[in-house]
Amino acid sequence: MWEALKDLFLTYESTLGYIGLNSLLALSVYATLSCGQLALSNAGFMAIGAYAATLLTMEGGVPFPVALAAGAVLPALVAVPLGLPVLRLRGVFLAIATIGFGEVVRLGIVNWDHVNGAQGIVAIPQKTHLWTIFVALGAVLFVLSRLRGSKWGFALEAIREDEPAARTMGIPTAAYKLAMLVFGAAIAGLAGGLEAHFTFMVAPNGFSFGRVVDMLVFAVVGGTARFWGPVLGAAFLTLLPELLRDLAPLVGIEPGPLRLMVNGLVLLAVILFLPNGMASVPDRIRERARARERGRLAPGAAGWARSSRSSGWSAPSAAFAPWTAPRSRSAPARSTGSSARTAPGRRPPST
Amino acid sequence: MGQQIVNGLFLGSIYALFALGYTLVFGVLDILNLAHAAVFMLACFVALVLVGNAGLHILVALPLAVLAAGILGVVLERVAFRPLRGRADSNFSGLISSLAVAIVFEAIALEVWGPNVERFPFGTLPAGRPIPFLGAEISRLQLTAVGVAVLFFLALTWLVTRTRLGREIRAVAESPRAARVLGVNVDRVISASFFISSALGGAAGVLYGLAYNAIAPDMGRSVELKGLAVIVLGGMGSMPGAVIAGFALGLSEVFVVAKLGGSYRDVVSFAGLFVILVLRPRGLLGAASLREA
Chain U
3 MWEALKDLFL
13 TYESTLGYIG
23 LNSLLALSVY
33 ATLSCGQLAL
43 SNAGFMAIGA
53 YAATLLTMEG
63 GVPFPVALAA
73 GAVLPALVAV
83 PLGLPVLRLR
93 GVFLAIATIG
103 FGEVVRLGIV
113 NWDHVNGAQG
123 IVAIPQKTHL
133 WTIFVALGAV
143 LFVLSRLRGS
153 KWGFALEAIR
163 EDEPAARTMG
173 IPTAAYKLAM
183 LVFGAAIAGL
193 AGGLEAHFTF
203 MVAPNGFSFG
213 RVVDMLVFAV
223 VGGTARFWGP
233 VLGAAFLTLL
243 PELLRDLAPL
253 VGIEPGPLRL
263 MVNGLVLLAV
273 ILFLPNGMAS
283 VPDRIRERAR
293 ARERGRLAPG
303 AAGWARSSRS
313 SGWSAPSAAF
323 APWTAPRSRS
333 APARSTGSSA
343 RTAPGRRPPS
353 T
Chain X
-7 MGQQIVNGLF
3 LGSIYALFAL
13 GYTLVFGVLD
23 ILNLAHAAVF
33 MLACFVALVL
43 VGNAGLHILV
53 ALPLAVLAAG
63 ILGVVLERVA
73 FRPLRGRADS
83 NFSGLISSLA
93 VAIVFEAIAL
103 EVWGPNVERF
113 PFGTLPAGRP
123 IPFLGAEISR
133 LQLTAVGVAV
143 LFFLALTWLV
153 TRTRLGREIR
163 AVAESPRAAR
173 VLGVNVDRVI
183 SASFFISSAL
193 GGAAGVLYGL
203 AYNAIAPDMG
213 RSVELKGLAV
223 IVLGGMGSMP
233 GAVIAGFALG
243 LSEVFVVAKL
253 GGSYRDVVSF
263 AGLFVILVLR
273 PRGLLGAASL
283 REA
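Sequence lines, in order, name chains U and X. Residue numbers for the first sequence follow our numbering, so the first one is 3 and each next one is one higher. Residue numbers for the second sequence follow our numbering, so the first one is -7 and each next one is one higher.
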């Protein structure tokens, strides 16, 4: 019995480790998403952290915790001069500029002979244990959970909802955005250091654009309206391939393409039908129940809400009136009931 | 030197074609279509099947593959963009959903053709001696690629500036809402834009596949990021900008490879991308920046 459990644990040890690492990476993207900024530089930060920690343990002979800390601090320091100019950009432009940064870091490593260029470093001592990963994850989650409901948390939410308005309210938006970029960079660097000592190797290939896309997918599938959403998404999408491996022969598709296909379809389904991610499911159920309740008490009100949403009186513009659709990155659960749908006076976000 | 310029213009014509389609969709919808590179890749596989399995001449296969790419673009718009239209954050969710479709497209290619590099059969390109030109040699393929790029650019310019559809596309780009009020069928215009955009991307894909003769499911990735560099350099949404920047990137890559070595090729485009975004976010020919909150 005990042996069987131990076997089971050993089989899934690496999967569990990856759940933890991917959760950290998803949270690093979430950090900037939580104030509405799509920064895709985290594969670059992760690479900096991974290489810094690896070089410190292998060549510097530094104790592992110190190396890990350095691997988190260095990308955070790099994030400051990166963020100062780049965070002035908005939306897609910020995403593109940070993709550029990530690629420059990766190509810099490819051209750095001291670390074997594209081949990468192998035979890194295994110092990361499962508990190390989950302690790190717990620490990050603790910090994020404390943000909620604090002055910081409200400021971030305000910036996410409407940045110019937040600035008008006296919130130093630039400082908050920079702080979250730095925080995300530290998480990504920490995850990089942990992963290097978990898989015994680092190579620039592992920090390509595809990697940051993975992180973003975890965060979006899990949902970014709640800080634990990214963890949910990372766990789900890391476990999914394990489940699919047995399924692959049944549908007659190779496991590799099947995994990719399912990832893509899950992502598409989430963005189309569940814009706030998996974490919003309980809120949706609750909201629907509440709406049904209200419908029973005052059928007129609910009926009005529905008719204003269907094209009805505003046929030509209905599709382009954003305030009639539930806002995706906002937190509708916290706004009472269906205010996002019914309040006609709500200021339409400019596009 | 002369040869470098010829090679650079050739590479640049592929980048320009790719970026033209990229920037067209961005100009109309303000959405970055990250599935553009997947269409690029699938078009190349379609051409491969038409040439390799159906035995068609490449000059027949190229237009058919371009057509197939255009249809893929319409499907892509239906699946990934139309359902999101009208959402407050359609910029962000459109980016994600196009990413999802790109992943699915890549999975399909991976399942059908496998991860290995495929090649066009020998003799796909008609044999012929390169044409000497001012001390450099221009291959038939290079001439075709530059010709196709220039042809498409002229056709697109004509379409956008002179035709009814072009006027409607510009109207939708300006304001979908106002265009709809004025009786423009916005959905149809956006579908048409996606058709044109993906057809351009497909043309770039086939030419790229012919140029390097290495077709793989992940061939679109590097071009995708370079395409970003090109449309940013040219100014997001600006078509002449995309063409100029495409040729500029092609030329600079060729010269960097010649002077510094192959591994620095990509550094230039991404470092350049980064610097431009910081110093002049609207690019060479972009419109003055708008409020984008």
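Cβ coordinates follow ideal geometry from the N, Cα and C atoms, glycine included.
| query | result |
| --- | --- |
| What in chain X is Cβ-close to U:G258, meaning under 7 Å? | L102 |
| So the beta strand (DSSP E) X:I123 belongs to, where does it begin and stop? | 123 to 125 |
| For X:E292, list the residues DSSP reports as bridge partners. | Summary: the structure shown does not reach residue 292 of chain X, with chain X confined to residues -7 through 285, and so no result is reported for it. |
| Indicate the three-state DSSP secondary structure (helix, strand or coil) for U:I111 in the structure shown. | helix |
| Would you mind sorting U:S16 into buried or exposed? The rule is 16 or more other CB atoms within 10 Å of its CB. | exposed |
| What's the C-alpha gap between U:W4 and U:L149? | 41 Å |
| So X:A11 contacts chain U; which residues on that side make the cut at Cβ distance below 7 Å? | Under the 7 Å cutoff, chain U gives no residues; its nearest Cβ is about 13 Å from X:A11. |
| If we cut at 7 Å on Cβ distances, does X:S5 have a partner in chain U? | no |
| Whose C-alpha, out of U:I50, U:L132, U:T34, is nearest the C-alpha of U:V88? | U:T34 |
| Say whether chain B places a C-beta atom closer than 7 Å to the C-beta of U:V117. | In summary, chain B is missing from the structure at hand, where the protein chains are U and X. |
| Determine, using beta carbons only, whether U:P87 comes closer than 7 Å to chain X. | yes |
| Are the beta-carbon atoms belonging to X:Y7 and X:V222 less than 7 Å from one another? | yes |
| Using 7 Å as the threshold, is the C-beta distance between X:G193 and X:V31 below it? | yes |
| If you draw a straight line from the alpha carbon of U:G46 to that of X:L157, how long is it in whole angstroms? | 43 Å |
| Leaving out five residues before and five after U:V124 in sequence, what residues of the same chain have Cβ atoms less than 6 Å from its Cβ? | M203 |
| Could you check what DSSP says for X:I236 in three-state terms: helix, strand or coil? | helix |
| Apart from the five residues just before and just after U:F229, which ones in its own chain have a Cβ nearer than 8 Å to its Cβ? | L29, Y32, S36, L143, L146, S147, L149, R150 |
| Please report how far the alpha carbon of U:R92 lies from the alpha carbon of U:L252, in whole angstroms. | 46 Å |
| Would X:S89 count as contacting chain U if we go by Cβ distances under 7 Å? | yes |
| Measuring only between beta-carbons, confirm whether U:A99 sits less than 7 Å from chain X. | yes |
| Around the Cβ of X:A147, are there at least 16 other Cβ atoms within 10 angstroms (buried) or fewer (exposed)? | exposed |
| Using the Cα positions of U:Q39 and U:G186, report the straight-line distance between them to the nearest angstrom. | 12 Å |
| For U:A221 versus U:P232, is the C-beta distance shorter than 7 Å? | yes |
| Helix, strand or coil: which one does DSSP assign to U:V204? | strand |
| Can you list, in chain order, the residues of its chain whose CB lies under 7 Å from that of X:M(-7), leaving out five sequence neighbours each side? | none |
| For a quick check, are the C-beta atoms of X:A53 and X:L42 less than 7 Å apart? | yes |
| Helix, strand or coil: which one does DSSP assign to X:E110? | strand |
| Near U:L23, which residues of its chain fall below 8 Å by C-beta distance, leaving aside the five closest residues on each side in sequence? | I135, A193, L196, E197, F200 |
| Output, in chain order, the set of chain U residues within a Cβ distance shorter than 8 Å of X:L269. | V88, L91, F95, I98, A99, G102 |
| Is X:S167 closer than 7 Å to X:G13 when the C-beta atoms are compared? | no |
| Under 7 Å, Cβ to Cβ, is there at least one residue of chain X near U:E5? | no |
| Just the C-alpha distance for X:A165 and X:F84, rounded to the nearest angstrom, thanks. | 18 Å |
| Could you give the distance in angstroms between the alpha-carbon of U:F66 and the alpha-carbon of U:V117? | 19 Å |
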